[in-house]
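Trainee: All residue numbers for the sequence shown refer to the working numbering, where the first residue is 737 and numbers rise by one. I have a structure here, written as structure tokens, and I will follow up with some questions on it.
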Amino acid sequence: MPVTQGRSRRDRNNVLNRPEFMSLNQPLKTNNPEVRGSGRRPPNKHQQCQHQAPENAPQEPQENNKDRRESIKLPEEDCMQLNPSFKGIAINSLLAIDICMSKRLGVCAHNTSSCGSMRSIVNMLALTGHAIPWIVGTIWCLTRSNTLAGQEVLINLLLALLLDIMTVAGVQKLVKRKGPWEMSPSFLDYLAMDVWSFPAAHASRAAMVSKFLLAHLVLAVPLRILLVLWAFVVGLSRVLLGRHHLTDVGFGFALGYLHYTLVEMVWLSSNTCQTIISTLSWMPLF
737 MPVTQGRSRR DRNNVLNRPE FMSLNQPLKT NNPEVRGSGR RPPNKHQQCQ
787 HQAPENAPQE PQENNKDRRE SIKLPEEDCM QLNPSFKGIA INSLLAIDIC
837 MSKRLGVCAH NTSSCGSMRS IVNMLALTGH AIPWIVGTIW CLTRSNTLAG
887 QEVLINLLLA LLLDIMTVAG VQKLVKRKGP WEMSPSFLDY LAMDVWSFPA
937 AHASRAAMVS KFLLAHLVLA VPLRILLVLW AFVVGLSRVL LGRHHLTDVG
987 FGFALGYLHY TLVEMVWLSS NTCQTIISTL SWMPLF
């Protein structure tokens, strides 16, 4: 009796003897002897035909497959970079901040903007930094100048203006960055090759001209301060009009200072300037 009671207790305590686990103790019931040995069901004739059909079917040309894969590909701007670098994240974040701030500062971009009533005044301020008025004014002053020192300064200023136009136009053509607001350039912009946004040509020219005049003209302190403020206001006016980003204006100021430095390095002497004037004396303006 004690032995049988001990077995019954053990059987009761065994987990596999519970009703929910009874199926684990029973062997699998299979009537097909082939399935018992292999554990797999042999394929029927229909499945064999389906399996052999792709082998006998004609293969599609590789060109169609390539075209299909290319059509499925998404454009680059719609693709997400799964593992961007820290440098890429920083650059994209700065560009996003630049675009957002430039759009918020474009309060005179349209007549319906928050400060659209001041658009004409801001346009006049921006026009003072345009290339065409400065080139025409420099040539006119050169025709009226009678001193060798004045002609030397004006010839070098004209050289600096031409250098600024060509350099800015080349960089704009290379980068091809659009402004924060979609606007078509004016006729004067096409004439001065100031079509794209980066860098800001007006800011570059204002910085170069102000530095040039401060270095070669004797001006009182209030006029020197006004000249620096003028350069800053000209660059800011292009942002208010929605034509340039803040980074465009900042790079334009740096580029204008670089142009002034290059002109000072290759400064044309008075004799060279007289030679240039003599070669241009056949023109009606001179």
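For every residue, glycine included, the Cβ atom is placed at its ideal position computed from N, Cα and C. Owing to the predicted nature of the structure, the values given are computational and were not obtained by experimental measurement.
When we look at the beta-carbon of S1005 and count the other beta-carbons within 10 Å, is it buried (16 or more) or exposed?
Mentor: It counts as exposed.
Trainee: When you compare the region 836 to 853 with the region 890 to 906, are there three or more beta-carbon pairs, one atom per stretch, that lie closer than 8 Å?
Mentor: Contact between the region 836 to 853 and the region 890 to 906 is absent, because fewer than three Cβ pairs lie under 8 Å.
Trainee: Evaluate the contact criterion for the region 932 to 944 versus the region 904 to 917: three or more CB pairs, one atom per stretch, below 8 Å.
Mentor: Contact between the region 932 to 944 and the region 904 to 917 is present, because at least three Cβ pairs lie under 8 Å.
Trainee: Can you give me the C-alpha to C-alpha distance between C851 and G986, rounded to a whole angstrom?
Mentor: Near 23 Å, if we compare the C-alpha coordinates of G986 and C851.
Trainee: Might you give, ordered along the chain, the residues of its own chain that have their beta carbon closer than 7 Å to the beta carbon of G971, omitting 5 neighbours on each side?
Mentor: Around G971: A936, H938, A939, A942, V985, G988 and F989.
Trainee: Is T864 helix, strand or coil by DSSP?
Mentor: Three-state result, T864: coil.
Trainee: So is I891 buried or exposed if we call it buried at 16+ other beta carbons inside 10 Å?
Mentor: The residue in question, I891, is buried, as its Cβ has 16 or more Cβ neighbours within 10 Å.
Trainee: Would you identify the three-state DSSP class for C851, choosing helix, strand or coil?
Mentor: DSSP places C851 in coil when its eight states are reduced to three.
Trainee: Exposed or buried, what is F948 when buried is set at 16 or more other beta-carbons lying within 10 Å of its beta-carbon?
Mentor: Burial call: buried.
Trainee: Take M944 as the anchor and find which of F968, V954 and F923 has the nearest alpha-carbon.
Mentor: Ranking F968, V954 and F923 by Cα distance to M944 puts F968 first.
Trainee: Nearest CA to the CA of S973: which residue from L955, T864 and P958?
Mentor: That would be T864, whose Cα lies nearest to the Cα of S973.
Trainee: Mind reading off the beta-carbon distance from A826 to H866? Whole number of angstroms is fine, and I expect it under 8 Å.
Mentor: About 35 Å; that fails the 8 Å criterion.
Trainee: In terms of residues, what are the limits of the alpha helix (DSSP H) holding T1008?
Mentor: Residues S1006 to T1015.
Trainee: If we call anything under 8 Å between Cβ atoms a contact, is R979 one with M919?
Mentor: In contact: R979 and M919 (Cβ atoms closer than 8 Å).
Trainee: Could you give the uninterrupted runs of the alpha helix (DSSP H) lying entirely in the region 903 to 982, keeping only those of 4 residues or more?
Mentor: For the region 903 to 982, whole alpha helix (DSSP H) runs of length 4 or above, ordered along the chain, are 923 to 927, 937 to 952 and 957 to 976.
Trainee: Locate the alpha helix (DSSP H) running through C844, then write down its first and last residues.
Mentor: Careful: C844 lies outside any alpha helix (DSSP H) and carries neither H nor E.
Trainee: Comparing C-alpha positions only, which one of L831, L963 and H995 sits nearest to G915?
Mentor: That would be L831, whose Cα lies nearest to the Cα of G915.
Trainee: Which of the three DSSP states is assigned to W870 in this structure?
Mentor: Residue state, collapsed to three classes: helix.
Trainee: How many angstroms separate the CA atom of E1000 from the CA atom of Y993?
Mentor: When rounded, the distance between both Cα atoms is 11 Å.
Trainee: Between L924 and I868, which are expected to be in contact by the criterion C-beta below 8 Å, what is the C-beta distance as a whole number of angstroms?
Mentor: Contact flag correct, Cβ pair sits at about 6 Å.
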